[in-house]
Amino acid sequence: MPSQIWAIEKRWLLITVWLLLPGSLFAQSTASISQEKVYLHSDRAQYVAGDTIWFRASLFDATTHHPSTVSELVHVTLQRSSSVVIETKWPLQAGNGSGWLAIPRQQEQGNYQLAAYTNLMRNDDEAFFFRKFITVISPIQSAGQPAPAPGVAVQFFPEGGQWVAGAVSKLAFKAIDETGRGVAVEGIIETDRGEIITDFKTAYRGMGAVSLLPQAGQTYRAKITYRGETKVIPLPPVLPDGASLLVDPVTRPQTIKVWVTPPKTTNPDLKLVAQLRGQVLSETRLTAIEADRQLIEIPYSSLPESGILQITLVENQQPIRERLVFVDRKQHLRLNATSVTNAQPRSPNQLTVTVTNAQGKPIEADFSVAVTDAAQDTDGSVSPSLPAYLLLTSDLKGYVEQPNAYFDGSIGDSTKARLYTDYLMLTQGWRRFVQPNEASNSLTHEPEKGLPLTGTAYSSKNAPVLNEMLKLTTWDKSGLRVWITQTDATGRFTLTTALTDSVRILSTDSKGRDIRLALDRFAPTVQPQPLFTQPSVPMAIAAQLIENSLLSRQLGKGGIQLQAVEVKAKLPDRLQNDPRTSLYLGKPNRIIEVASDKSMQTYLSVGELLAGRVEGSAVILVDGIRDPPLELVRAQDIDRIDVISDITLVSMLGGTNASPMTKVVNILTKRGIERTISTLDARPMQKWYGYSVERVFYEPNYSVSETTQQPDRRATLYWNPALRTDKQGRAVIRFFNSDVVRQPVLTIEGTDGRGQAGSLQKPLH
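Remember, this note's numbering sits 3 above the position in the sequence shown when you count from 1.
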C-alpha cells in the first residue's frame, strides 16, 4: 500500500529541477538583453473537435509591461503532452496580433496545452513560455496515458534557500496529489532522535510554513499523515554557520520586514539588494553588523509598481540567499460593463464597457472581448487572467493553481491573501544559489522582424554545400521571385526575406545544380504543465456539444440544414482515387468538364473560363495546391474543374474580411501542376510555411431575413480581438443571442499600453 501512495514522488523531483534556479533572476537583472512576455486570450477554454480557437496575442516588455516591438512574430502551438498537434506563426504589430487555430475534426478528446513564445524568448528557460489549458470534446476517445497511482508528494523549502544553525527561519512546504493539485496534509517535525519540534498542516492549496530555530549538528525529519498513511521525509541539512535571511511581508500591511543574521565566525561584506522586474531599487550595505541580526524595512509605498520583488543577500559580491515577495499596489485597470440584454433566442444585446485607471480617470485602452455560452464552456479560472499572468505567474516556474484567486478577493481578506500569496513565494518562488551565474549579452536566438528563411544546403550526394552562393526561386501567390544568399563553412544559410505567405522553393548553386535545403523548423515541445485528468463529460452532454458545434459551423459560412439525401450513383474511379482531390475525398459538388468541350479551350485566361460558370468568390486551387501561379496555366492544359461548396473545407482554406469565400474551385490539369509549369518542370521543390492565413470571426445579423431559418447553436457569441475605448473610456459591443444560449458570459482583457492591465469576467442577463 505505501508504495502506491507515494508513487509520484519521482515526478515531483522533476518539478524540483524547475525550482532550483542558481542565480538566474539575479544574473538576468544585470544583463542588457531585452526580455519579453507573451499572453494569449482565447475566446473560450472548451472546444469540440473541428472548432476554431480564436485568440489575441499580446507581447510585453518583461520589465515595463509596455507593448514590446522587439519581436514582430509569435509562435503559437497546440499540443498534448509532448506531441505538437498544430504549429502556427502570426505577425505582430506594435506588440499585438490576432489569429486562430482550427482543431482537426478527428482530434481525440482530452486536455491540451495552448503555448506561445517568440524566438527571443528561447534564450531563456522554456518554463517562461505562455501556457493555457484547452479541453477538446470529441466522439473519438483516447486511450491516453495510464493513470498515475493515487498518492501525495511533499517538498520542503528552507527560507532563502538553506537553513543556518542558530538563526530563526521559515520552513515552507507544498503537497500535491497525482494530478498536480494541492492537497491537505498534516504532520510533525522531529529530530533524528524522535524529539518533536513542532507540528504543521497545510493552509491553502497544499501550501504552508512554520518557523524554526535549527541547531548545529542536528538533523531533522518530517512525518506526514495522508489518508491514514504515514511517510517519513528527511529535511534539508542545516549549515553550521553562514548568513541567513528572514522576511515578513504579512504582519504589517504597509511594510516588508527583512532580518539579516551575519555569520558567527567571519565578518563578510554583506549587501541586501532589492529588485522588481529586473530593475534594482535599492542596495543596502551591512558590512559592520554588531548585533546578532539587523532589521531592514521596505515600505510598500516606496515600490513603484506591482510585481514580484526579489530580495537578494549578497556576500562578497556573490548571491547566497534569496527571497521573493509579491507586491500588489492595486494599480490594475478598472473595468465595468452595463448591458441592455434580452434572454430570448436571437435577440439583440448591447453592452457599454467603461475603463478607468486606478485613480478613477477614464482612459483609452485596447482589449480583446469574448461573449460565450456558459453551458458550452468550462470554467477558465485554471488559467491566469492578463493581470495575474503579467504580475505573478509569468515570473514563476511550474503550475500555479487557481492564479486569479490571488487578485479577485475570493482567497479571503487582505491579511489572508498576503499570507497565502507568501506561501506561494516561499514554495514555487524558492531559489538557491549554488554558484554565481555570469550574465551574457550575447543572443543565441535573435528577435524576429519577419520570417527568416534558414537551414542547411545539401548537394545531390547529401553532402553539405560549403561557402557557396545559393539562388533560391520562390513561388507564391504574388508570383516568382529570385533570392541570393551564401552558405557558411558548415553549409548553413540565413536569408532575411519579405516573405509572409507560404511558398515553394527551388534552390540551385552557382553552377545551376539543384540543391536540397534542410529548412529549420523550431517548434520546441513546450514542457507541459500537469493536465490533471481526462475531461469528464457525460455522454449526452458531449453529444449535444458536438451537434451544436456542427450546426454552428454551417451557420458561420452560410450553410443550410438539409434533409438527408441518399446518393446511389457511384463516382468514377478517376475522381475518387485522384490524390489531387483528397481534400474533398474526390466528391465535388459540381464538375465542369473542360477537356471534352473544345469551346472552353479557346479562353485566354482561367479567369475568363470561370466567369459566368462559378458565381461568387472562391478559393482557387490548381491540382489541389493553394495559391498557384494562374498566369502559367492555359485553358488547353485543363482536364476539368471541381467546384466544392463544403462549408468545412471553405472554412479551413479561408478567406479575408474583404473577400469572404463561398466555395472552393480546384482546377485539375491534364499533366499535373508540376509538368504544367514548365519553369519548374521535374525539379526538386520544397514547401516553406509562412504566416497562417487570416480569417474573420463570423457574427450573424438577425436583422437580415436570409439568416432566420438557419440553426444557431454557437458557443462563442461574440469575439473581437481589437476593441478600443474612446477618450471617455467607453466602447459599445453589440451581438445577437443564439437559439440555445441561456447564460452568456462576458470576458474582457487588455492594457492601456503603459504597463497597466485589466480583466473582467461577468455573467450577462
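For every residue, glycine included, the Cβ atom is placed at its ideal position computed from N, Cα and C.
Item	Value
Around the C-beta of leucine 216, are 16 or more other C-beta atoms found within 10 angstroms, so that it is buried, or is it exposed?	exposed
Whether or not the region 366-374 and the region 725-743 are in contact is what I'm after, with contact meaning three or more pairs of Cβ atoms, one per stretch, closer than 8 Å; do they touch?	yes
I need the straight-line Cα distance from alanine 118 to leucine 607, nearest angstrom please.	48 Å
Kindly give me the distance between the Cβ atoms of isoleucine 199 and tyrosine 223, rounded to whole angstroms, as I take these residues to be in contact under 8 Å.	Going by Cβ atoms, the distance from isoleucine 199 to tyrosine 223 rounds to 11 Å, so no, they are not a contact pair.
Considering only the beta carbon of each residue, do isoleucine 140 and leucine 720 sit closer than 9 Å?	no
In this structure, how does DSSP classify asparagine 592 when only helix, strand and coil are distinguished?	coil
Return the CA-CA distance between tyrosine 120 and threonine 80, expressed in angstroms with no decimal places.	9 Å
If you compare alpha carbons, which of Val188, Leu273 and Tyr303 is closest to glutamate 232?	Val188
Taking buried to mean at least 16 other C-beta atoms within 10 Å of its own C-beta, is arginine 674 buried or exposed?	exposed
Are the beta-carbon atoms belonging to threonine 396 and valine 403 less than 9 Å from one another?	yes
For glutamine 116, which three-state DSSP category applies?	strand
Regarding arginine 637 and the ligand ATP, is the C-beta to nearest heavy atom distance less than 8 Å?	Absence of the ligand ATP is noted for the structure shown, with no ligands found whatsoever.
Can you tell me whether glutamate 286 is buried or exposed, with buried defined as 16 or more other CB within 10 angstroms of its CB?	exposed
So what does DSSP say about leucine 95, is it helix, strand or coil?	coil
Just verifying my parser: in three-state terms, what is the DSSP assignment at tyrosine 402?	coil
Find the nearest neighbour of leucine 238 within the set Ala60, Thr194 and Glu618, judged by alpha-carbon distance.	Thr194
Closest to arginine 637 by CA distance: which of Pro107, Pro348, Glu611 and Val617 is it?	Glu611
Tyrosine 701 and proline 351 - do their beta-carbons sit closer together than 9 Å?	no
In its own chain, which residues sit with a C-beta less than 8 Å from the C-beta of threonine 258, not counting the 5 before and 5 after it?	Glu300, Ile301, Pro302 and Tyr303
Run through the region 293-347 for me and flag every whole alpha helix (DSSP H) of 4 or more residues, listed as ranges in chain order.	none
Compute the distance between the beta-carbons of proline 471 and aspartate 512, then report whether it is under 9 Å.	One detail in the question is off: residue 471 reads as glutamate in this sequence, not proline. Cβ atoms of glutamate 471 and aspartate 512: closer than 9 Å.
Buried or exposed for methionine 664, going by 16 or more other Cβ atoms inside 10 Å?	buried
By the three-class DSSP mapping on this structure, what secondary structure does leucine 393 have?	helix
Going by beta-carbon coordinates alone, are proline 70 and leucine 76 separated by less than 9 Å?	no
Am I right that valine 646 and valine 609 are in contact with their C-beta atoms under 8 Å? What's the rounded C-beta distance?	Not a contact, Cβ separation roughly 14 Å.
Going by beta carbon distance, what residues of the same chain come within less than 7 Å of lysine 452, once the five residues before and after it are set aside?	Glu75
For aspartate 425, report the span of its alpha helix (DSSP H) as first-last.	417-430
What's the gap between the Cα of isoleucine 56 and the Cα of leucine 104?	5 Å
In the DSSP assignment, the beta strand (DSSP E) including valine 157 goes from what residue to what residue?	155-161
Quick one: residues in its chain with C-beta nearer than 8 Å to the C-beta of alanine 246, no 5 flanking neighbours on either side, listed in chain order?	Val167, Val263, Thr264, Pro265, Pro266, Pro271, Leu273, Leu316, Glu318, Ile323 and Arg324
Just reading off the alpha helix (DSSP H) that proline 613 is part of, what are its end residues?	Per the sequence presented here, residue 613 reads as leucine, with proline not at that position. Element bounds for leucine 613: 609-613.
Would you tell me roughly how many angstroms separate the C-alpha atoms of arginine 83 and alanine 598, rounded to the nearest one?	47 Å
Determine the closest residue to glutamine 38 out of Val73, Leu248, Trp93 and Gly211, with distance taken between C-alpha atoms.	Val73
Is the beta carbon of tyrosine 229 closer than 9 Å to that of alanine 178?	yes
When the Cα atoms are used, what is the spatial distance from glutamine 2 to histidine 448?	Outside the modelled stretch of the chain, which goes from 4 to 768, sits residue 2, for which no answer is possible.
Between Gly615, Ala614, Ile594 and Asn360, which lies nearest to aspartate 642 when the distance is taken from Cα to Cα?	Ile594
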